[in-house]
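Asks: My structure is below; once you've seen it, I'll send some questions.
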Amino acid sequence: MNKQQICIIGGSGFVGLHLCARLVKQGYRIRVLTRNAEAAKDLRVLPGVELRQADVHDPAALAAQLQNQTAVINLAGILNEHRQGGFQAAHVELPRRIIAACQTAGVRRLLHMSALKADMAEPPSEYLRSKGEGERLVLAADDLDATVFRPSVIFGPEDQFFNRFARLLATAPGVFPLACAEARFAPVYVGDVAEAFTRALRIKETIGQGYELCGPKPYSLHEIVDYVARLSGHRRYIIALGPRLSRLQARIMEFLPGKPFTRDNYRSTLCDSLCKSRFPEIFGITPTPVEAIVPGYLGPREHNHYLSRLRQRARRD
Ligand SMILES: NC(=O)c1ccc[n+]([C@@H]2O[C@H](COP(=O)([O-])OP(=O)(O)OC[C@H]3O[C@@H](n4cnc5c(N)ncnc54)[C@H](OP(=O)(O)O)[C@@H]3O)[C@@H](O)[C@H]2O)c1
46 MNKQQICIIG GSGFVGLHLC ARLVKQGYRI RVLTRNAEAA KDLRVLPGVE LRQADVHDPA
106 ALAAQLQNQT AVINLAGILN EHRQGGFQAA HVELPRRIIA ACQTAGVRRL LHMSALKADM
166 AEPPSEYLRS KGEGERLVLA ADDLDATVFR PSVIFGPEDQ FFNRFARLLA TAPGVFPLAC
226 AEARFAPVYV GDVAEAFTRA LRIKETIGQG YELCGPKPYS LHEIVDYVAR LSGHRRYIIA
286 LGPRLSRLQA RIMEFLPGKP FTRDNYRSTL CDSLCKSRFP EIFGITPTPV EAIVPGYLGP
346 REHNHYLSRL RQRARRD
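Start counting the sequence shown at 46; every next residue gets the next number (the working numbering).
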């Protein structure tokens with residue numbers, strides 16, 4: 046039985062749930078730190094996962110939580126700035142505090158989640174710029190054995206990409222104006238991302254490295270949305286917007302609840318989210334195609350079931 050104890054920050058979200066399940070299967074004991082234990086209670090059902098509410102931005106509280114941990118995984122991140130915090134706090138100040146807390150608590154191993162293209166010389170968006178600054182801090186830290194991951198957009202049953210387009214298509218009347226239709230992505234399966242993190246814990250050669258993670262095939266956003274429309278049964282006439290109208294749509298949609306699309310998101314799409322090479326061989330993973338997974342949660346029946354669960358949850362809240 047593996048008795049190693051791993052502390053995960055940002056482990057209550059989409060990737061965290063899959064990663065925790067995989068680590069538990071491998072026999073690791075997991076401590077997930079969250080700012081809101083009530084909202085993260087889904088994790089409690091996983092045996093071997095200890096959920097702790099903590100102010101991860103408080104250096105002393107964080108160092109105390111990292112005592113006796115074998116490794117730390119940082120998954121914390123946001124796609125849009127909101128009242129509770131911005132990119133600088135989540136992607137730069139938090140990693141800086143995690144590094145310091147690891148050093149105080151004597152934890153050497155740190156796996157850090159960044160994003161594809163965050164290591165560009167001049168990232169076009171604040172999301173990518175702040176992710177880049179955070180990962181540089183991690184890779185430069187003294188006394189740490191760090192590994193950085195840079196995935197393209199991640200897909201899986203609870204993702205915020207395919208599911209979001211399915212929701213938007215469901216409510217669109219006849220036509221669907223699509224911003225950044227030519228932007229390109231190589232969506233990577235959440236199970237493969239979780240497996241790469243899990244294997245990295247045992248592969249010493251990953252120390253000091255950064256890995257791009259992409260799925261096997263690139264798609265334009267237009268192709269992805271068309272695919273989602275066909276799968277979910279919400280066929281719409283998709284109108285590809287040019288740069289000016291895409292920016293205008295972002296300007297409007299960033300004022301909608303949940304900010305479905307922002308000017309910073311628009312700027313992120315100015316560089317293609319494609320990897321320079323194939324899935325890193327060191328992990329021994331054959332990346333899973335979109336077509337093998339997405340129909341399992343976006344077929345018409347699956348999607349209607351998903352929507353009714355969302356409505357039920359909204360009524361409960
Ligand atoms: N999903 C994708 O397509 C994708 C693609 C590339 C990179 N990534 C990166 O992968 C990571 C995980 O993504 P995800 O999809 O699982 O995101 P998610 O579901 O939104 O979960 C993000 C987690 O980050 C924590 N968090 C957010 N803001 C924070 C802050 N200011 N301080 C401390 N913790 C904060 C939250 O923890 P609590 O609220 O419980 O404290 C939450 O559990 C993120 O870093 C994201 O940028 C994701």
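Positions of the beta carbon are idealized from the N, C-alpha and C atoms, including for glycine.
Which same chain residues, not among the five before or five after Leu327, have their C-beta less than 7 Å away from its C-beta?
Replies: The amino acid at residue 327 is misidentified as Leu; the sequence shows Ile. If we look at Ile327 and ignore the five residues flanking it on each side, its Cβ neighbours are Ile248, Glu250 and Thr251.
Asks: So Ile123 and Leu182 are in contact, right, with Cβ under 8 Å, and what is the actual spacing, rounded?
Replies: The Cβ separation is near 17 Å, so there is no contact.
Asks: Which ranges does the alpha helix (DSSP H) cover as unbroken runs of at least 4 residues, wholly within the region 264 to 320, from first to last along the chain?
Replies: Here the runs fully enclosed are 266 to 277, 288 to 298 and 308 to 313.
Asks: Identify the continuous alpha helix (DSSP H) that holds Cys147 and give its terminal residues.
Replies: Cys147 -> alpha helix (DSSP H) spans Leu139 to Ala150.
Asks: Quick check on the burial criterion: 16 or more other C-beta atoms within 10 angstroms. Buried or exposed for Asn81?
Replies: Per the 10 Å Cβ criterion, exposed.
Asks: Taking only heavy atoms of ligand 1 into account, decide whether any of them is closer than 6 Å to the Cβ of Ile199.
Replies: Yes, ligand 1 has a heavy atom inside 6 Å of this Cβ.
Asks: Tell me His157's beta-bridge partners as DSSP assigns them.
Replies: Bridge partners of His157: Asn119 and Val193.
Asks: Helix, strand or coil: how does DSSP classify Arg323 here?
Replies: Three-state result, Arg323: coil.
Asks: Jot down the residue ranges of each uninterrupted beta strand (DSSP E) in the region 166 to 245, minimum 3 residues, whole runs only, in chain order.
Replies: Correct list: 190 to 196 and 220 to 223.
Asks: Within 8 Å, do at least three Cβ pairs link the region 222 to 232 to the region 253 to 265?
Replies: Contact holds: three or more Cβ-Cβ distances are below 8 Å.
Asks: As a quick exercise: from Ile53, Leu343 and Gln50, pick the residue whose alpha carbon is nearest that of Glu203.
Replies: When each option's Cα is compared against that of Glu203, the closest is Leu343.
Asks: Rounded to the nearest angstrom, what separates Arg275 and Lys48 at their Cα positions?
Replies: Rounded to whole angstroms, Arg275 to Lys48 spans 46 Å at the Cα level.
Asks: Counting along the chain, where does the beta strand (DSSP E) carrying Arg76 start and finish?
Replies: That run of the beta strand (DSSP E) goes Arg74 to Thr79.
Asks: Could you tell me which residues DSSP pairs with Leu96 in its beta bridges?
Replies: Bridge partners of Leu96: Val77.
Asks: Ligand 1 heavy atoms versus the CB of Met165: any closer than 6 Å?
Replies: No, ligand 1 has no heavy atom inside 6 Å of this Cβ.
Asks: Please classify Asp362: is it buried, with 16 or more other beta-carbons within 10 angstroms of its beta-carbon, or exposed?
Replies: Any answer about Asp362 is weak, because its pLDDT of 48 lies below 50 and its placement is not dependable; what the coordinates show is given next. Label assigned to Asp362: exposed.
Asks: Would you list the one or two residues that DSSP bridges to Gly255?
Replies: Bridge partners of Gly255: Val193.
Asks: Using the DSSP secondary-structure output, state which residues sit across from Cys52 in a beta bridge.
Replies: Arg76 and Val117.
Asks: I need the straight-line Cα distance from Gly58 to Phe200, nearest angstrom please.
Replies: When rounded, the distance between both Cα atoms is 13 Å.
Asks: Closer than 6 Å by C-beta to Gln50: which residues in its own chain qualify, once you throw out the five before and the five after it? Chain order, please.
Replies: Result list for Gln50: Arg74, Gln114 and Thr115, in chain order.
Asks: Please state whether the Cβ-Cβ distance between His63 and Ala239 is less than 7 Å.
Replies: Yes, these two residues count as a Cβ contact at 7 Å.
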